[in-house]
Amino acid sequence: MNYDAWFQCSEGCGETYPLTEIIYRCRNCDGLLEVQHDMDVLKQRSAADWKTLFEHRYMHTQYPYGSGVWGKKELVCPNIDDNKIISMYEGGTNLFWAERFGEQLGLHDLWIKQCGNSHTGSFKDLGMTVLVSMVRQIIAESGNIRAVMCASTGDTSASLAAYASAAGIPAIILLPKAKVTREQLIQPIANGALTLSLETDFDGCMEIVQKLADRKDFYLANSINSLRIEGQKTISMEIVQQFDWEVPDWIIIPGGNLGNVSALGLGFLMMHELGIIDKLPRIACAQAERANPLYRSYQTGFTEFSAITAQATQATAIQIGNPVSVHRAIRTLKRFDGIVDQATEVELSDAAARADRTGLFNCPHTGVALAVLIKMVERKQIQPDDRVIVISTATGLKFPDFKVAYHNVAPGEPAPRYLNAPIELEADYEGVLKQIGTHLDA
């Protein structure tokens, strides 16, 4: 079939643009664009046939359809030629049954979607494969793009640099100086990207990169570009597929620039319209208390929104005070009867450490979502038999300083709740045995 997709103004003014056009906002009203699909054509295939097709492709080796993103190509970006796709087998990430952690909270059906089990260690790969592939298509047709670029708090830059490097396209990265981890910083450096460390925060980097995007020879790769959202929406599709096409009751997702919230909703809405699922989940967006503009808006019933200056938080990837996708996220949360909550620095670090003790290894942003989960259970918003998915956005291996600092308390400082510091002993059998006994008998 002749599947098609295009950019369309998300504010309802009706303006449309081809996906190969270098454009990020509507020329008519300045609203953000979103990718619109020809749903009438997509509906000509039955829901059962879509499921069969996706099951046949999932995690298989036929390039590029074994990818968790490109296995749903018709629903993501049908306009890209297969030979222009840059894929690193993204998606297909583990849906971890958090049995022990769930038992501690009184939940029987708690799962962690481990999006950090990806090539560059975060969910950003899902969107970047689509964006960089489209850039290859545009270059093949017009040859006008000299480089792809982004502002980043770490994970977006890692993903863009890797995919651009694989495609042979120059990448330009703008990072806030001393606000990303060493592990995140080295990723774009290793992949050959021009990495600019600026004396500002993420919002300051974003302001500059959007000005650079006025030049048509630089292609913007932040989530203001809805091609990213198209790839990220496959998180929803993959979760449902992994549950044999059953829809969970709740999904809890960390929110910073908020493209992930709208992407999550888009995936579910598309499946619902195609008849693949028959209901929608509820969505909870989790923000760090020190970077919580959406939470503040939620407190007003979303009647008001004001950008803030985000304060320093351990959850650096969501340390954003002026999220570009805020209006899309608000529409999504209203459609999904969603909520927004926040976590303090102590709450997010304790939640991450507590869950780590049940076999996980959480990044601080997942800690924010886990802290909100705990609050929702305590408020009885989540019931014991609800199926709950927490989106883990990145691997904890990117944030060793966060993990080490929690378990390395200076003398005289209060010990965190789940402290597990190493114990230094002489190399003496009896002393070691005694310490083991003390630990096991505690």
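All letters in the sequence shown, in the order written, are residues 34 to 475 by this note's numbering. Cβ atoms here follow ideal geometry from the backbone N, Cα and C, with glycine treated the same way. Fair warning: this is a prediction, and the values are worked out from it, not measured in the lab.
Cβ pair residue i, residue j closer than 7 angstroms
| i | j | result |
| --- | --- | --- |
| E123 | S166 | no |
| T365 | S295 | yes |
| G292 | S358 | yes |
| T186 | F235 | yes |
| V68 | A38 | yes |
| A191 | T153 | yes |
| T342 | K212 | no |
| Q147 | S425 | yes |
| C110 | A184 | no |
| E271 | G101 | yes |
| L66 | F40 | yes |
| I113 | Q170 | yes |
Reference residue i; option with closest CA among the options
| i | options | result |
| --- | --- | --- |
| V442 | L452, P433, L75 | L452 |
| N127 | V74, M239, Q274, K106 | Q274 |
| Y252 | T189, I206, T228, I178 | I178 |
| R78 | H398, M34, I119, P203 | M34 |
| S259 | I56, G201, P209, R90 | I56 |
| H440 | A385, H398, M409 | A385 |
| A199 | Q217, I206, N224, T214 | N224 |
| M409 | S382, A376, T426 | A376 |
| A131 | G392, S382, L164, A475 | G392 |
| E263 | L302, V181, C183 | L302 |
| P447 | K431, W144, Q416, V379 | V379 |
| A204 | S120, K210, L218, V181 | V181 |
| D434 | G464, A226, I171, Q347 | Q347 |
| L108 | M72, E88, M92, P97 | M72 |
| A173 | V401, R361, I202, K436 | I202 |
| Q344 | Q332, Y331, A321 | A321 |
| A427 | P444, D158, P221 | D158 |
Per-residue DSSP class, three states only, for residue i
| i | result |
| --- | --- |
| V68 | strand |
| K146 | strand |
| A254 | coil |
| A223 | helix |
| V213 | coil |
| M34 | coil |
| M182 | strand |
| T233 | coil |
| S155 | strand |
| A204 | strand |
| F276 | coil |
| T126 | coil |
| I285 | strand |
At what residue ranges does the region 305-359 contain a whole run of the alpha helix (DSSP H), taking only runs of 4 or more?
Counting only runs of 4 or more, we get 326-332.
Quick one: complete alpha helix (DSSP H) runs, 4+ long, within the region 359-441?
Annotation: the region 359-441 contains the following complete segments of the alpha helix (DSSP H) (minimum length 4 residues), in chain order: 359-368, 378-389, 397-411, 433-439.
Curious, which full-length beta strand (DSSP E) runs of at least 3 residues does the region 41-112 contain?
Within the region 41-112, the runs of beta strand (DSSP E) that reach at least 3 residues and sit entirely inside it are, in chain order, 66-70.
How about the region 227-247 and the region 138-149: do they share at least three Cβ pairs that are nearer than 8 angstroms?
Counting Cβ pairs under 8 angstroms, fewer than three are found: no touch.
Is the region 323-338 in contact with the region 366-373, if contact means three or more CB pairs nearer than 8 angstroms?
Segments in contact, yes.
I'd like to know if the region 300-315 and the region 391-408 are in contact, where contact means that at least 3 CB-CB pairs between them fall below 8 angstroms.
Counting Cβ pairs under 8 angstroms, fewer than three are found: no touch.
Counting Cβ pairs closer than 8 angstroms, one from the region 418-427 and one from the region 276-291, do we hit at least three?
Under the 8 angstroms Cβ criterion, the region 418-427 counts as touching the region 276-291, having at least three qualifying pairs.
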